[in-house]
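One structure below.
Number of protein chains: 2
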Amino acid sequence: MQQTRLDIARIRAARQVIDPVFLDTPLYRCEALESSLGCAVSIKLETANPVRSFKGRGTEVVAGLLAEHGPRAVVCASAGNLGQALAWSGRGRGLDVTVVASRFATAAKLDRIRALGAGLELVDGDYELARERAAAIARSEGIRLVEDSLDIETCEGAATIGLELVGSATPFDAVLIALGGGALATGVGHVVKALTPGAEVICVQPLGAPAMTLSWRRRRVVTTEAADTIADGVAGRCPIPAVLNDLLLAADDAVLVREESIIAGMRMLLDHSGLVVEPSAALGIAAILEDRDRFAGRHVVTVVCGSNVDLDVYRRWVGAAPGDGL
Amino acid sequence: MQQTRLDIARIRAARQVIDPVFLDTPLYRCEALESSLGCAVSIKLETANPVRSFKGRGTEVVAGLLAEHGPRAVVCASAGNLGQALAWSGRGRGLDVTVVASRFATAAKLDRIRALGAGLELVDGDYELARERAAAIARSEGIRLVEDSLDIETCEGAATIGLELVGSATPFDAVLIALGGGALATGVGHVVKALTPGAEVICVQPLGAPAMTLSWRRRRVVTTEAADTIADGVAGRCPIPAVLNDLLLAADDAVLVREESIIAGMRMLLDHSGLVVEPSAALGIAAILEDRDRFAGRHVVTVVCGSNVDLDVYRRWVGAAPGDGL
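Quick mapping for you: the protein sequence lines, in order, are chains F and G. In this text, residue positions in the first sequence follow the numbering used here: the first is 99, and each later residue adds one. In this text, residue positions in the second sequence follow the numbering used here: the first is 99, and each later residue adds one.
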């Protein structure tokens, strides 16, 4: 394997500093999904924790280091989940956390960031503008900037999911991972490729926000002018070169899925698994729905990475099925 | 402590024979619930597993014993969750499982019992009639009857939840447990009283199905003519004397809640926690809603014990809030 920024020993060490509430999450076969999907499906559930997403794994590593050595003030840009998680991890360690987000971000995510005691600054633009603003705040105030996916601790935290997958008793043939900035995909992908090389690592991104997938395919950074998807958690436009380099080694494939498939995936996870999930967490099911032949008869793990939704919007998404009473 | 049928050493041993997919379930503070409830609330989530309820813990113990020593054919009565769990545990061990249920049981539960390969017999009556029929089948066919809550293995399996609660780093002041046949309440209650005697064990039952609560209060078995509640998982009418005896020692209190409180609890768990739960799993939140003063400022754990719902019915329940778009 070529060199990535990720390292199994460091990932194992990261696991030691993460609050156990984020670790050893449920991993289970969901047979009720399988007749519709034509393959064996296991769910790795990252939503049953205080911030309802996997992001706490990474922010625990970041905040643990800062609390020991670093500045006490920190700023990050976020679509909403990283900000919640950093607010949670920072609060417990007496850090002063500022989150910059788009004013169009999911309201429930912004509400929780505020409720967790972080400062919240909204920008009149998308996630990439929030990234710029967070960097400007860090420069002008001399505080620490946490950059999701670029800061290796965010990738190492996410990668602990991979340790749990490869450590499970049941072998799997493929893992489907939501692809946004890349922390989750590079982290989990690295561990799976290193320790279970026979399993396929497939990243999934919306067609409406394809920058990292296009970059992976062309092996160079491709940015897009706009992102147009309901999957707010993965709606970046400007991939980070170092993360792309890692992804080139950690992923076997990167696929793009349509919005209607994401919605169908969310609806299936509600109907058959009893799970409320945010759009990014349904990308894996969407990928199966769009390419059943590829997965037929195989055992696929999908990482259900978040459940922070505005419930009124969610209800419109999952209620749109023909014949549905909603 | 007086003598119950439960024993900590046996419960620890039970833990060793349960498939890990049912163990070490998420336990986490849900702050989003807390402003509405006025107390600290932790969720013990028993729904993220292959049968979406806690019942697999008990059926793993039962089926493990049968696979080693007992007859290969087994029958149980069930409101739907025990049947699913026994079907799952039995399938993996080559047991021949028959489930008897009411034809009015939650359709999703019956569908899953069938899908798991168990035989399913429906009776034209309630859960108590299903119990009678299951006993008759066991007698006439000479096969093993599994009686929920009476068979000590079902209580010991449920009691492993208690081990996980008392083993957690965060102390709690009270635990709220759905009360039906009594396996969950006696199991968890016994462990908590034995190992964390300062914590209050509060059982919660619907006003419409109060038999065990009335029995606990009068310290003798009280049966009711009918059960009228949406909480199908706890809708028994005929408490089992041996289980009542255990409950008298394991519970500090047993409270009854109204149907509208159960629905409000389900809605809160959806709105603030992102959890789809069945009515029995919302009994704890209902109890807080009905007696906020009792819990004010305390740290309460509620066991979210199942999520098997008919989604169309569930949507009517949670969609009934004023101003709600459903």
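We put the beta carbon where it would ideally sit given N, CA and C, even for glycine.
Distance check for G:L214 and F:T327, CA to CA, integer angstroms please. 37 Å
Considering only C-alpha positions, which residue in the set F:G287, F:T321, F:V402, F:D389 is nearest to F:L354? F:D389
Can you grab the Cα-Cα spacing for the pair F:V139 / F:R110, in whole Å? 26 Å
Starting from F:G136, find everything on chain G with Cβ-Cβ shorter than 9 Å and list it in chain order. What F:G136 touches in chain G: nothing, since even the nearest Cβ is about 15 Å away.
Using C-beta distances below 7 Å, list every residue in its chain close to G:A394, excluding the 5 sequence neighbours before and after it, in chain order. G136, C137
Do G:P124 and F:T284 have their CB atoms nearer than 9 Å? no
Check for me: the beta strand (DSSP E) holding F:T196 runs from which residue to which? 194 to 200
Spell out whether any CB of chain F is found under 9 Å from the CB atom of G:S405. yes
What residues of chain G sit near F:L261, judged by a beta carbon separation below 7 Å? Residues of chain G passing the Cβ test: none, with the nearest at roughly 16 Å.
Between F:R113, F:Q182, F:L131, which lies nearest to F:L368 when the distance is taken from Cα to Cα? F:L131
G:T427 and G:A307: beta carbons closer than 9 Å? Missing from the structure shown is residue 427 of chain G; chain G here goes from 99 to 424 and no further.
Unbroken alpha helix (DSSP H) run spanning G:G188, endpoints: 179 to 189
I need the DSSP call for F:C174, collapsed to helix, strand or coil. strand
C-alpha distance - F:F202 paired with F:G223, whole-angstrom precision: 8 Å
Of all the options F:P337, F:T400, F:R150, which has the alpha carbon lying nearest to the alpha carbon of G:S371? F:R150
List the residues of chain G whose Cβ lies closer than 8 Å to the Cβ of F:T145, in chain order. G372
Report the three-state DSSP secondary structure of F:A213 (helix, strand or coil). helix
List, in chain order, every chain F residue whose beta-carbon is nearer than 8 Å to that of G:L409. L368, D369
Within-9 Å CB hit, F:E158 to chain G: no
Report all residues from its chain with a CB closer than 6 Å to the CB of F:A171; omit the five preceding and five following residues, and keep chain order. D194, I241
Kindly say whether G:R150, judged by its beta-carbon, lies nearer than 9 Å to any beta-carbon of chain A. Of the protein chains in this structure, namely F and G, none is chain A.
Could you check whether the Cβ of G:W415 sits closer than 9 Å to any Cβ belonging to chain F? no
Where F:C336 and F:P304 are concerned, what is the direct C-alpha to C-alpha distance, given to the nearest angstrom? 15 Å
For G:A161, count neighbouring Cβ atoms within 10 angstroms of its own Cβ and tell me buried if that reaches 16, exposed if not. buried
Kindly list, in the order they appear in chain F, the residues whose Cβ is closer than 7 Å to that of G:V119. Y126
Considering only residues of the same chain and omitting the five flanking positions on each side of G:I360, which have a CB-CB separation below 8 Å? P304, T327, I328, A329, P377, A380, L381, A384
State the start and end residues of the unbroken alpha helix (DSSP H) segment that holds F:H167. Neither: F:H167 is in no alpha helix (DSSP H) and is coded neither H nor E.
C-beta contact flag for G:V399 and G:L263 at 9 Å: yes
Where G:A418 sits in the DSSP three-state scheme: With a pLDDT of only 48 at G:A418, under 50, the local geometry of the prediction cannot be trusted, and the value read off the model is given with reservation. If DSSP states are grouped into helix, strand and coil, G:A418 belongs with coil.
Three CB pairs or more closer than 8 Å across the segment 217 to 237 of chain G and the segment 251 to 258 of chain G: no
Contact set for G:L346: own chain, Cβ-Cβ below 7 Å, skip 5 residues either direction: W314, R317
What residues from chain G crowd round F:D122, counting only those whose CB sits closer than 8 Å? D122
Could you give the uninterrupted runs of the beta strand (DSSP E) lying entirely in the segment 208 to 292 of chain F, keeping only those of 3 residues or more? 217 to 221, 242 to 244, 272 to 276
Restricting to runs no shorter than 4 residues, where is the alpha helix (DSSP H) found entirely within the segment 310 to 389 of chain F? 339 to 348, 357 to 371, 381 to 388
Beta-carbon of F:A213 versus every beta-carbon of chain G: anything under 9 Å? yes
Given G:A185 as reference, the closest of G:E144, G:P169, G:L274, G:T157 once Cα atoms are compared: G:T157
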